[in-house]
Each structure stands twice: as structure tokens, then as C-alpha cells.
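Protein sequences, first through last, are from chains A and B.
Note that the numbering used here has the first sequence beginning at 2, numbered continuously upward.
Note that the numbering used here has the second sequence beginning at 3, numbered continuously upward.
Report on the structure given below.
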Amino acid sequence: MSTTETLTLGKALNEGLRRALEDDPKVLVMGEDVGRLGGVFRVTDGLQKDFGEDRVIDTPLAESGIVGTAIGLALRGYRPIVEIQFDGFVFPAADQIITQLAKMRLRSQGALKLPVVIRIPCGGGIGAVEHHSESPEVYFTHTAGLRVVACSNPADAYSMIQQSVACDDPVIFFEPKRRYWDKAPVDRSGDWLPLDRARVVQPGSDVTVLAYGPMVKTCLEAASAALEEERSLEVIDLRSLNPLDFGTVEESVRRTGRCVVVHEAPVFSGYGAELAARISEKCFYHLEAPVLRVGGFSTPYPANRLEEHYLPDLDRVMDAVDRVMEW
Amino acid sequence: MTIDSARGAPSPGAADDPSGLAEASPELIQLLTPEGVRVEHPDYPLDLTPEEVRGLYRDLVMVRRIDMEAVALTRQGELGLWASLLGQEAAQVGSGRALAERDMVFPTYREHGVAWTRGLDPLKVLAMFRGLSNCGWDPAEHNFHLYTVVIGSQTLHATGYAMGIQRDGVLGTENAAATIAYFGDGATSQGDVNESFVFASVFNAPIVFFCQNNQWAISEPLEKQSRIPLYRRAQGFGFPGLRVDGNDVFACLAVTRKALEAARSGQGPTLIEAFTYRMGAHTTTDDPTRYRLEAELEAWKLKDPIERVKAYLVRGDLADPAFFDEVDAEAKQYAADLRRRCLALPDPQPMEIFRNVYAEPHALISEEQEQFAAYLESFETEGSGS
Ligand SMILES: Cc1ncc(C[n+]2csc(CCOP(=O)(O)OP(=O)(O)O)c2C)c(N)n1
């Protein structure tokens, strides 16, 4: 029997969660509407039916409560997977995540493990109302003690969610909501790239393009378009933002000499700033141009009729590529 | 009743409320029965002229019609989303009509009926759900604050605003005002809501907490939020809590009026739980058939907030068929105009993104704005072939 099947990203997560629940009776799924409804994106669809209300828990509507009690459950030996319904609603839980979840291991001098996964559908592009389209990753990459990962395709969604559950550290797990319905083959053999490794998804020689989550697809489209102009883009899906697999980035940038970083979150003080600074420090003599960043503006995520202007698209990536090439 | 309780699973609140609906419970304040019969309550006398009753009826019909139009517009792709108030008209119109002009309202995202009573043009609400703005009205114009999507946040703002009114020294005078904070049953689980109860109580702030218990927080029934009736929570925080029939516009009006008067005279907060029901989906993207039974909906239809006022008007000979026809025609006309005005709303210009982020000039925004303008311009020059 083949171990590969074509699934949507949402379904791949669903199957990954199912495997995690099957493999370890200590694994729990919890959050608002995750049970009977199967989550607003149906990522947990059918899990409560099959694993019961004790393992797939519809919680009261209280994010601080959800994360705080997940911490307690983890302290008692469980492995909770928490769903935050939308990116903008993780902030009521920010205190529990930042002041408690991230720091308890250190504070116990290594005596405690906090295997909590916090799943967050993130990013825009689905025409939603306020607080439903944000990219809050740097609040968490800036907090020591958390691992922060972002999947971009069904295969990674399937493997990375299981690896996150298996991880003894807290993992903030970003899911690109506008890619939930994208389909691709998923390998279930278990022969997976480690969770904290980046992947070169499109080899190339002229410009290194760094992306994660929803922007990986956009950058791959840009790479195809660039080919027509006889430009070869190397697209790297970072996958893990903290820790960052800088070795893969460095190897590529040293070879291409040019780099463009793409993310949806505002550019100012964003994740791209970290990448650009590191690259200029480690690859200075190999660079033909400064590292350019493409991302959101320093404004709140706009009303949805304006999001096409706010979100980086193929044109904006290509524009940055043109500029690094012209340097 | 949830799908689970219908299957025989015990509900945690069963001892309090075996039916799951608490309709006949003695605590429920009601002034108009579902059959349209007026009943008196010693603590809530209410004298309305026939004219006033007809006014409330008109409000209810208009608000429902506007809501229906918005749902239709969403189905046709003209709005991105809509949170319907179907079934909650009486709770909103009753409490909204209890407000004095000086009172300040802090709504969620479903208070279209309260907005109506404040005189806010429904077009502004539609514009937000059409994705043209992130709210976009001036709260001072109608003493109606911005819609709040993050569950429970506004209850703290309402409490702080009430503390401000208190500090102004106007309570007990003719300039007295109060705030009213709206939220749902699910919201009562949030830390912010509980913290607002603490602040309001400790500072004796002039606020009315108006919880529309529509029985559901998306797919989660009330028993996933609380094991006691919500109005009883107030007692633990040290202020009165009441449960009113949320489908009874008279009772909502009388109870809210009294609570607001108490707040304005310096007697502090009240929690009102309007016991009602969300007849539609949570929003237009939700599918309630996945989690709730048709029988529940059917049971609540019998308690329709509009039908009972109509029955009362007819029973008392306070309105003739021509009146009902007129109101229907007016609502229809209003909805058609609203639709036309909605479709005529222009899309915002890209540069709107940079506007109103800060009150004072901001170098970074100016820089990004210029860069983006140049970027957009580059397409135009390409397009013109120059
Ligand atoms: C902090 C936060 N978490 C989650 C959500 C997503 N959400 C939107 S409405 C809703 C249910 C709200 O239920 P309730 O408070 O009963 O109000 P209702 O919508 O029924 O009027 C949820 C979970 C949100 N808006 N804010």
C-alpha cells in the first residue's frame, strides 16, 4: 500500500492530529469549537467523535484559560494541543504564553517539561473581518523558551504537527489559513525532515528568496515567473523560525550573493529584520546587494477590500528581485 | 437543548433548569407573554402609550428587515460576513430604547438593533462587513462605541468610561449618564469580562452589563461556559443580577431602564441576562446544523419577539391592519434603499491603508506611504506604454 496520498493542508493537519491522538493516550486536543463543530476551519473534524470528549475538549471561551490550563495539564503529564481560533485572539493568552509557558522549564532548572502545542491559523487573504488576518509570529520568536514553526504545505503540515506534539518544549505552530484548501501529496512513511530544519523548495542560482507559511507559495510562483525572464530564484521555506536553521540560509546566500526576505507581517521590527541582520553579519563579503525585505506595512492589517494591496504578491516579490539584481 | 442532551447525556445545569430553556422559571422577568398578553411585575411597572408600543413594533420590524437584507447581501457576495441578530431584536431594541441620549453604549459585533435605536446609519455597519473599513464611525456622534470583535474586551472599556462619568461628578444630577456594555453568553468566560465585574463593583461604577444569552457561542452551548444561570454570577462580584425574557421587548425596556437609573443615581452596576435565542447561524460562515437540533429552533420560534408585540397590538385593538401593512411597506422600502446605497459604496483607495494610524505625523508611515505610491505609479507608467 502506498504511503503517499493527496490531501488538503487542513486535512493533512487533521490526519496528523489523529495520528498523534492514536499514538499517545496522553495527547489532548483543546480549544473553542474544536469538538462537535470540528473547529471553524474543520481541522479537528471528527476527532471528538472518535476520541471522546475527554480527549478532544470544547473549552470555555477564554484563551488565557485555555493556555493556562494546558500548562497545568502538561505539568501533570499530558500533551495538550491547543487551538487558538484566529491569530488575533492569541493575545488574551499572551500573558500565559510569554510569562509562564515559555519560562517554566528554566525556572525549574530543567526539572519540568512543557510539551504544549499552540496551533494558530495565521495570515490574511481570506477576506475576513478585523483580527482574523494577522501574523503575530515575532511576538513569539522574540520570547525565549518557545519554539516557533510555520507549515506551508500539506506534507509538512502532516509531519510537523506530529513532530511538534512529540517535542518536549512548547511549540507555537502557525498554519497558513489561506492555504488550508491547497492540495498536495502527503508522505506518511515517517521519513521526515527534522522539525527545526529549513528546506530548499526550489533550487536556483541568482537570488535566494526566504519565506515561510503562506508566502512560500507566493514565492514559488514568483520563481516560475522569474524563469521566463531568465532569472533563477532559490526559494527556501524556513519552516522553523525559532530555532532558525541559519546554515541552510547561509549556504544559499553565499552562493547567490543576493537575498530577498518575504513575509506578511509588517517589515519594521519583523522577522526579516533578524534575517537581514544575520546575513549581513555572516555573509558580508559574499553579498552583491543589501538584503531586501518584502512584507506588510507599519499599519494595522487593513479592511479586507484593501488586503490585496497590503499583502505581498508576486509583483512585489519580483520588484524586490529586480532591485537586488540591479544593484 | 443540545444534540447531546437530546441523546440523554446529563447537562450540568439540569438541576436548575431541567428543560434547558428556563422559560417558566420564576426568576425570569416578563411583561408580555409569548401569546401577547400583558402581565404586571411589581418591580417593573411600565406605562407605554399605544403610540410608543407601535414605535417599538416598528423598530423590531425594521431591525429584522435590515438584518435579513444584510444576510441576503452576504449570500450574494456583497458583504464578506454578517453576524445576524435574528431572534434577538427585542433584547436589543428594548435595552436600546431604555437609554438616554447621554448614556454610552459599548457593543460587540452583533448589536445592529441597538445601533438602530441610537440613530446610527445601518449603512455604516454594512460598510464594515463589506470590508471597506475596520469599523469607521465616530462613537461620539451617537454615543455608540465601535463594534468590538475580540470577545469581552469592550466590557473593560465600558467600565473605565463609567468610572470617568463618576469622576466627572455628574451622578445624581440632571447631567448624569451611565454606560451599557453588551456581550454574549460565551463572553462571560473571558477574563476581561470577569475583571470588568470586579472593577465595576469595587468602584461602584455607573454601568449596566447587558448579556444577551442567546444560548450558543458558535457551536458551544451554555453548559460549556457555566454551571449556574449567568445572572447569578453578579452576586459573587457584589452587585445585582437579573434575568429578563430577552424576547419580550417590554421587559427588556423596563428592566434596563431601571438599571440605568440606578447607575445614574450612583447605585452602581447591574448585570442583566437577557434570556433569548440566536435563530440564525453564528455568522454567515457558520453551519449550525452541525451542532444543534431543529427542534430547539422550532421551540423558540413560538416565542418570536415580533409576533408577540403584534398579538398584543391586535388583541388590544391598538393597531389596525393598515398599520401593519404600512410598517411592512416602510421596512421593505428601507431595505431596498439600503441595498442600493450599499452597492454604491466605493472601494477604498489603496492609500487609505496609511491613514489614521497615528494622530501625529509619523516618519515611518510617511516613508512607506511614499514608497508604495511610487510602486503603484510604476504600473501606471508601464501601462501607459511610456
Ligand atoms: C478573544 C476571542 N476569541 C475567539 C473569538 C472568535 N469568536 C467570535 S464570536 C465567538 C463566540 C461568541 O459567543 P458569545 O459571547 O456567546 O456571543 P454571540 O456571538 O453568541 O452573540 C467566538 C469564539 C473572538 N472573536 N475573540
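Every residue, glycine too, gets a C-beta built ideally from N, C-alpha and C.
Helix, strand or coil at residue i [DSSP, three-state]
{"i": "ARG40/B", "result": "strand"}
{"i": "ALA24/B", "result": "Only weak support is given to the placement of ALA24/B: the predicted model assigns it a pLDDT of 43, under 50, and the value that follows is read from those uncertain coordinates. It is coil, neither helix nor strand."}
{"i": "GLU370/B", "result": "helix"}
{"i": "GLN203/A", "result": "strand"}
{"i": "TYR262/A", "result": "According to the sequence displayed, residue 262/A carries Val and not Tyr. It is a strand residue."}
{"i": "GLU6/A", "result": "strand"}
{"i": "GLU71/B", "result": "helix"}
{"i": "PHE212/B", "result": "strand"}
{"i": "GLU235/A", "result": "strand"}
{"i": "SER191/B", "result": "helix"}
{"i": "THR119/B", "result": "helix"}
{"i": "SER97/B", "result": "helix"}
{"i": "ARG240/A", "result": "coil"}
{"i": "ILE119/A", "result": "strand"}
{"i": "TRP218/B", "result": "strand"}
{"i": "ARG19/A", "result": "helix"}
{"i": "TYR181/A", "result": "coil"}
{"i": "TYR159/A", "result": "helix"}
{"i": "SER388/B", "result": "Any answer about SER388/B is weak, because its pLDDT of 42 lies below 50 and its placement is not dependable; what the coordinates show is given next. Note: SER388/B maps to coil in three-state DSSP."}
{"i": "THR272/B", "result": "strand"}
{"i": "ARG80/A", "result": "strand"}
{"i": "MET31/A", "result": "strand"}
{"i": "VAL41/A", "result": "coil"}
{"i": "ALA264/B", "result": "helix"}
{"i": "LEU245/A", "result": "coil"}
Within chain B, the residues that residue i reaches when beta carbons sit closer than 7 Å
{"i": "HIS132/A", "result": "VAL151 and VAL152"}
{"i": "TYR311/A", "result": "ILE355"}
{"i": "ALA266/A", "result": "None at all; the shortest Cβ gap to chain B is about 14 Å."}
{"i": "ASP377/A", "result": "A question about residue 377/A goes unanswered here, because the residues of chain A that appear run from 2 up to 328."}
{"i": "PHE269/A", "result": "LEU366"}
Sub-8 Å separation of residue i and residue j beta-carbons
{"i": "VAL236/A", "j": "PRO313/A", "result": "no"}
{"i": "VAL208/A", "j": "VAL325/A", "result": "yes"}
{"i": "THR272/B", "j": "VAL210/B", "result": "yes"}
{"i": "PHE174/A", "j": "VAL91/A", "result": "no"}
{"i": "TYR293/B", "j": "ARG43/A", "result": "no"}
{"i": "THR110/B", "j": "VAL95/B", "result": "no"}
{"i": "ILE153/B", "j": "ALA189/B", "result": "yes"}
{"i": "GLY89/A", "j": "GLU308/A", "result": "no"}
{"i": "ALA85/B", "j": "ASN249/B", "result": "no"}
{"i": "ILE355/B", "j": "HIS310/A", "result": "yes"}
{"i": "ASP246/A", "j": "ASP169/A", "result": "no"}
{"i": "ALA297/B", "j": "ASP289/B", "result": "no"}
{"i": "ILE67/A", "j": "LEU29/A", "result": "no"}
{"i": "LEU224/B", "j": "TYR233/B", "result": "no"}
{"i": "PRO155/A", "j": "THR9/A", "result": "yes"}
Listed by chain order, chain B residues near residue i by CB distance under 8 Å
{"i": "ALA227/A", "result": "Simply none; closest approach about 17 Å."}
Contacts of residue i in chain A (Cβ-Cβ under 8 Å)
{"i": "VAL359/B", "result": "SER299, THR300 and PRO301"}
{"i": "SER191/B", "result": "PRO61, LEU62, ALA63 and GLY66"}
{"i": "LEU134/B", "result": "ALA304 and ARG306"}
Chain-ordered neighbours of residue i on chain A, where CB pairs are closer than 7 Å
{"i": "GLU370/B", "result": "PHE298 and SER299"}
{"i": "GLY188/B", "result": "LEU62"}
Contact set between residue i and chain A, taken where Cβ atoms lie within less than 9 Å
{"i": "ARG292/B", "result": "ARG37, LEU38 and GLY39"}
{"i": "ILE367/B", "result": "PHE298, SER299 and THR300"}
Under 9 Å by beta carbon: chain B residues contacting residue i
{"i": "GLY128/A", "result": "GLY82, LEU83 and GLY133"}
{"i": "GLU135/A", "result": "The premise fails here: GLU135/A is roughly 11 Å from chain B at the closest Cβ pair, so nothing lies under 9 Å."}
{"i": "ASP320/A", "result": "TYR377 and SER380"}
Residue i Cβ short of 7 Å to ligand 3 heavy atom set
{"i": "ASP250/B", "result": "By its list of ligands, the structure shown excludes ligand 3, since it contains just ligand 1."}
Neighbourhood of ligand 1 [Cβ distance below 7 Å to any heavy atom], ordered by chain position:
GLU33/A, ASP34/A, LEU62/A, GLU64/A, GLN86/A, PHE87/A, PHE90/A, PRO93/A, HIS132/A, ALA85/B, THR110/B, ARG112/B, VAL151/B, VAL152/B, ILE153/B, GLY154/B, PHE185/B, GLY186/B, ASP187/B, GLY188/B, ALA189/B, GLN192/B, GLN214/B, ASN216/B, TRP218/B, ALA219/B, ILE220/B, ARG280/B and HIS284/B
Determine which residues of the segment 220-239 of chain B have a Cβ less than 7 Å from any Cβ of chain A, and write them out in chain order.
From the segment 220-239 of chain B, only ILE220, SER221, GLU222, LYS226 and GLN227 have a Cβ closer than 7 Å to chain A.
Mind listing which residues of the segment 290-306 of chain A have their C-beta closer than 9 Å to chain B's C-betas, in chain order?
Going along the segment 290-306 of chain A in chain order, one finds PHE298, SER299, THR300, PRO301, TYR302, PRO303, ALA304, ASN305 and ARG306 with a Cβ nearer than 9 Å to chain B.
Give the residues from the segment 328-353 of chain B that approach chain A closer than 8 Å (Cβ to any Cβ), ordered along the chain.
ASP349, PRO350 and PRO352
With 9 Å as the limit, tell me which residues of the segment 55-75 of chain A have their beta carbon closer than that to any beta carbon of chain B; keep them in chain order.
The segment 55-75 of chain A vs chain B, Cβ under 9 Å: ASP59, THR60, PRO61, LEU62, ALA63, GLU64, SER65 and GLY66.
Quick one: which residues of the segment 90-104 of chain A get their C-beta closer than 7 Å to a C-beta of chain B? List them in chain order.
Those residues of the segment 90-104 of chain A that come within reach of chain B (Cβ to Cβ, closer than 7 Å) are PHE90 and PRO93.
Between the segment 158-175 of chain A and chain B, which residues of the former have CB atoms less than 7 Å from a CB of the latter, in chain order?
The segment 158-175 of chain A vs chain B, Cβ under 7 Å: nothing.
When Cβ atoms are compared, which residues of the segment 118-129 of chain B fall closer than 7 Å to chain A?
none
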